[in-house]
Structure formats: C-alpha cells, structure tokens
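**Student:** The structure under discussion is supplied below as structure tokens; questions concerning it will follow.
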Amino acid sequence: MQASCHCGDVTVELLQPIDLVTSCNCSMCYRYGAVWAYFSPQNVKINSIRSNTKTYSHGDKLIDFHHCACCGCITHYTPTELGNADRMAVNLRMFKRDILEQVNIRYFDGADSWTFYEPNATQKALTSSV
Numbered sequence: 001m002q003a004s005c006h007c008g009d010v011t012v013e014l015l016q017p018i019d020l021v022t023s024c025n026c027s028m029c030y031r032y033g034a035v036w037a038y039f040s041p042q043n044v045k046i047n048s049i050r051s052n053t054k055t056y057s058h059g060d061k062l063i064d065f066h067h068c069a070c071c072g073c074i075t076h077y078t079p080t081e082l083g084n085a086d087r088m089a090v091n092l093r094m095f096k097r098d099i100l101e102q103v104n105i106r107y108f109d110g111a112d113s114w115t116f117y118e119p120n121a122t123q124k125a126l127t128s129s130v
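Take the sequence shown: its position 122, counting from 1, is numbered 122 in full-length UniProt numbering, and each next residue is one higher.
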C-alpha cells in the first residue's frame, strides 16, 4: 500500500496491513490533523525524490515529526534516540480517502489524561475523510 505527500516528493510504502489507528488531541497532532497508523520501522519504506524530509521534535523529544521539505505535509514520525526504537507512525491522511474510511479510529487524549476516550459527533467528523 502506497501514499505520498501533496507534491509527490515523499512516498510511503507499508509492508504490512494497517492495524492500530489513533487520532490524538495533543498540541502537535491536533494542529497537524494527523490520523496515525503504527508500525515497526522495518515494515515501512519512506522515499524522497528531490529532498529529504525535515523534522521537528517537541516536549520530551521522544519522536521526530517528519514533513516534506517541498510541500510541508506531515508524512510520519520516527523515534529519537530517547524513544521506542521499534515503533513509528505514518499519517493516514497521506493515503487515498477510502483507506481512512476502512479503519477503526481510536481516540487518544494526549492533551490531558493520556487515556483513550469515546468521541462525540463533532470529534468524529473532524477525523472523517469527507
């Protein structure tokens, strides 16, 4: 399964099916509007035609958020030296809409309680693909 950023410079290829999907409301994910699918790094291939991705890390610096240097789309995040080396996430918003429509999204309160929660209708609408 393949996806790309808006300009097509960064491509993402998944080598295993999508299993765990999360929408988080922490200060970063809320702003990015990302819906994350999680994988071991060896099950994801990231390629770039013109330039490498740019990274941004915040807070505890456990993960680096990657975005396309050309169009700015957030494509994925990877662990830093401080993070879990066997877990990365791919932004499902880079895939065709029907992929997002086929998965069950878990909602995580990364802003306050660090627990999963049941979203209301507005929160569900914010993560829908339409």
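Note that CB positions come from ideal geometry on N, CA and C, so glycine has one too.
1) Using the beta-carbon count (16 or more within 10 Å), is H67 buried or exposed?
2) Which residue from V10, C7, S23, F65 puts its Cα closest to that of L100?
3) Write down every uninterrupted run of the alpha helix (DSSP H) in the UniProt domain "CENP-V/GFA" (1 to 109) whose length is 4 residues or greater and which is fully enclosed by it, in chain order.
4) Our contact map puts M88 next to P17 with C-beta atoms below 8 angstroms; I'd like the distance itself, whole angstroms only.
5) Which same chain residues, not among the five before or five after S51, have their C-beta less than 7 angstroms away from its C-beta?
6) Can you check which of these residues, C5, F95, D64, D109, is closest to A37 by C-alpha distance?
7) Could you compute how far the alpha carbon of M1 sits from the alpha carbon of H76?
8) Which one of C29, G33, L14 has the shortest CA to CA distance from N43?
9) Using the C-alpha atoms, what's the distance from R106 back to L62?
10) Under 8 angstroms, do N47 and G110 count as touching if we go by C-beta distance?
11) To the nearest angstrom, report how far apart F116 and F108 are at their CA atoms.
**Tutor:** To lay it out plainly:
1) buried
2) S23
3) 27 to 32, 97 to 101
4) Not really, about 16 angstroms apart at Cβ, beyond 8 angstroms.
5) D9, A69, C70
6) F95
7) 15 angstroms
8) L14
9) 21 angstroms
10) no
11) 4 angstroms
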